[in-house]
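Numbering (my numbering), first residue to last: 182 to 304. Input: a single structure, listed below in C-alpha coordinates.
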Amino acid sequence: MAAGLVVLLATAIPAGAAGPPPGDAEAGKALFNRQCAVCHSPQAGQNKVGPSLHGVVGRHSASLQGYNYSPAMKQADRVWTPEVLDHYLSDPRASVPGTRMIYAGLKDPKQRADLIAYLETLK
(Lines of atoms letter the chains of each structure in order from A and count residues from 1; the text may use other names and numbers.)
(Lines give C-alpha, C1' and ligand atoms only; values in the text may rest on other atoms or scores of the structure.)
Protein backbone atom coordinates (compact mmCIF):
# COMPACT_ATOMS: atom_id res chain seq x y z
CA MET A 1 0.00 0.00 0.00
CA ALA A 2 2.74 2.48 0.96
CA ALA A 3 4.70 1.75 -2.22
CA GLY A 4 1.59 2.39 -4.30
CA LEU A 5 1.02 5.71 -2.54
CA VAL A 6 4.60 6.79 -3.24
CA VAL A 7 4.17 5.96 -6.94
CA LEU A 8 0.86 7.83 -7.03
CA LEU A 9 2.36 10.91 -5.41
CA ALA A 10 5.43 10.82 -7.64
CA THR A 11 3.29 10.79 -10.78
CA ALA A 12 0.91 13.50 -9.55
CA ILE A 13 3.61 16.17 -9.35
CA PRO A 14 4.93 17.20 -12.77
CA ALA A 15 8.65 17.60 -13.23
CA GLY A 16 9.70 21.18 -12.62
CA ALA A 17 6.59 21.97 -10.58
CA ALA A 18 8.75 23.80 -8.07
CA GLY A 19 9.17 26.61 -10.59
CA PRO A 20 12.16 28.29 -12.12
CA PRO A 21 15.52 28.34 -10.33
CA PRO A 22 16.41 31.47 -8.34
CA GLY A 23 17.38 34.31 -10.61
CA ASP A 24 19.64 37.35 -10.55
CA ALA A 25 17.52 40.49 -10.94
CA GLU A 26 20.47 42.61 -12.14
CA ALA A 27 21.29 40.10 -14.88
CA GLY A 28 17.56 40.01 -15.68
CA LYS A 29 17.45 43.79 -16.02
CA ALA A 30 20.33 43.71 -18.50
CA LEU A 31 18.56 40.94 -20.44
CA PHE A 32 15.30 42.91 -20.37
CA ASN A 33 17.07 45.97 -21.77
CA ARG A 34 18.64 43.89 -24.57
CA GLN A 35 15.69 41.70 -25.55
CA CYS A 36 12.42 43.06 -24.17
CA ALA A 37 12.61 46.85 -23.91
CA VAL A 38 12.08 47.33 -27.64
CA CYS A 39 8.47 46.21 -27.21
CA HIS A 40 7.79 46.45 -23.45
CA SER A 41 8.25 49.17 -20.85
CA PRO A 42 9.07 48.50 -17.19
CA GLN A 43 7.23 51.73 -16.28
CA ALA A 44 3.60 51.70 -15.16
CA GLY A 45 1.21 53.08 -17.77
CA GLN A 46 3.75 53.12 -20.61
CA ASN A 47 2.59 50.59 -23.17
CA LYS A 48 4.58 50.12 -26.35
CA VAL A 49 4.00 47.50 -29.03
CA GLY A 50 3.52 45.19 -26.06
CA PRO A 51 1.96 46.04 -22.69
CA SER A 52 3.88 47.56 -19.80
CA LEU A 53 5.41 44.83 -17.66
CA HIS A 54 5.27 46.89 -14.48
CA GLY A 55 3.45 44.72 -11.95
CA VAL A 56 3.15 41.78 -14.35
CA VAL A 57 4.03 39.15 -11.73
CA GLY A 58 0.76 38.22 -10.06
CA ARG A 59 -1.40 39.97 -12.66
CA HIS A 60 -4.10 38.20 -14.66
CA SER A 61 -3.34 37.83 -18.35
CA ALA A 62 -4.85 40.46 -20.65
CA SER A 63 -5.99 42.58 -17.71
CA LEU A 64 -3.91 45.74 -18.08
CA GLN A 65 -6.20 48.66 -18.85
CA GLY A 66 -5.34 50.62 -21.98
CA TYR A 67 -3.71 47.80 -23.94
CA ASN A 68 -5.39 45.97 -26.83
CA TYR A 69 -4.59 42.29 -26.30
CA SER A 70 -4.95 39.58 -28.93
CA PRO A 71 -8.05 37.39 -28.73
CA ALA A 72 -5.75 34.46 -27.86
CA MET A 73 -4.28 36.29 -24.87
CA LYS A 74 -7.74 37.39 -23.74
CA GLN A 75 -8.80 33.74 -23.72
CA ALA A 76 -5.61 32.48 -22.03
CA ASP A 77 -7.08 33.08 -18.54
CA ARG A 78 -3.95 32.74 -16.44
CA VAL A 79 -2.16 34.54 -13.65
CA TRP A 80 1.43 35.50 -14.39
CA THR A 81 3.15 33.59 -11.59
CA PRO A 82 6.90 32.93 -11.87
CA GLU A 83 6.09 29.36 -12.97
CA VAL A 84 3.63 30.46 -15.65
CA LEU A 85 6.03 33.16 -16.87
CA ASP A 86 8.83 30.59 -17.05
CA HIS A 87 6.73 28.36 -19.29
CA TYR A 88 5.45 31.25 -21.41
CA LEU A 89 8.87 32.83 -21.91
CA SER A 90 10.36 29.52 -23.08
CA ASP A 91 8.07 29.57 -26.14
CA PRO A 92 5.33 32.22 -26.16
CA ARG A 93 3.63 31.01 -29.34
CA ALA A 94 3.40 27.43 -28.11
CA SER A 95 2.20 28.56 -24.68
CA VAL A 96 -0.51 30.87 -26.09
CA PRO A 97 -1.20 29.91 -29.72
CA GLY A 98 -2.34 32.99 -31.58
CA THR A 99 -0.47 35.48 -29.40
CA ARG A 100 0.78 38.57 -31.20
CA MET A 101 4.10 38.37 -29.38
CA ILE A 102 6.65 37.60 -32.08
CA TYR A 103 9.46 36.77 -29.66
CA ALA A 104 10.74 33.25 -30.34
CA GLY A 105 11.34 32.51 -26.68
CA LEU A 106 14.16 32.32 -24.19
CA LYS A 107 15.50 28.76 -24.15
CA ASP A 108 18.03 29.11 -21.30
CA PRO A 109 16.34 28.38 -17.93
CA LYS A 110 18.87 30.51 -16.02
CA GLN A 111 18.21 33.52 -18.27
CA ARG A 112 14.46 33.04 -17.82
CA ALA A 113 14.96 32.90 -14.04
CA ASP A 114 17.04 36.10 -14.18
CA LEU A 115 14.40 37.86 -16.27
CA ILE A 116 11.59 36.74 -13.96
CA ALA A 117 13.60 37.90 -10.92
CA TYR A 118 13.82 41.33 -12.56
CA LEU A 119 10.11 41.36 -13.45
CA GLU A 120 9.34 40.63 -9.79
CA THR A 121 11.04 43.93 -8.85
CA LEU A 122 8.70 45.96 -11.08
CA LYS A 123 6.13 46.91 -8.44
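A virtual CB, placed ideally from N, CA and C, is assigned to each residue, including glycine.
Extent of the continuous alpha helix (DSSP H) to which residue i belongs
{"i": "Thr318", "result": "Any answer about residue 318 is impossible in this case: the structure gives the chain only from 182 up to 304."}
{"i": "Asn249", "result": "Counting along the chain, Asn249 falls outside any alpha helix (DSSP H), and DSSP gives it neither H nor E."}
{"i": "Thr302", "result": "Pro290 to Thr302"}
{"i": "Ala211", "result": "Ala206 to Gln216"}
{"i": "Pro203", "result": "From DSSP, Pro203 is part of no alpha helix (DSSP H); its letter is neither H nor E."}
Sequence-distant residues of its chain with Cβ nearer than 6 Å to residue i (five each side left out)
{"i": "Ala208", "result": "Asp295"}
{"i": "Asp272", "result": "Gly286"}
{"i": "Leu270", "result": "Leu287 and Arg293"}
Beta-bridge pairing of residue i - partner residues as DSSP gives them
{"i": "His241", "result": "Val260"}
Under 8 Å between C-beta atoms of residue i and residue j
{"i": "Trp261", "j": "Arg281", "result": "no"}
{"i": "Ala243", "j": "Ala257", "result": "yes"}
Backbone secondary structure at residue i - three-state DSSP
{"i": "Pro273", "result": "helix"}
{"i": "His221", "result": "coil"}
{"i": "His235", "result": "coil"}
{"i": "Ala253", "result": "helix"}
{"i": "Leu148", "result": "Not covered by the structure: residue 148. The range shown for the chain is 182 to 304."}
Neighbourhood of residue i by C-beta, 7 Å cutoff - its chain only, sequence neighbours within 5 removed
{"i": "Gly247", "result": "Asn228"}
{"i": "Asp205", "result": "Asp295 and Ala298"}
{"i": "Ser251", "result": "Gly279, Thr280 and Arg281"}
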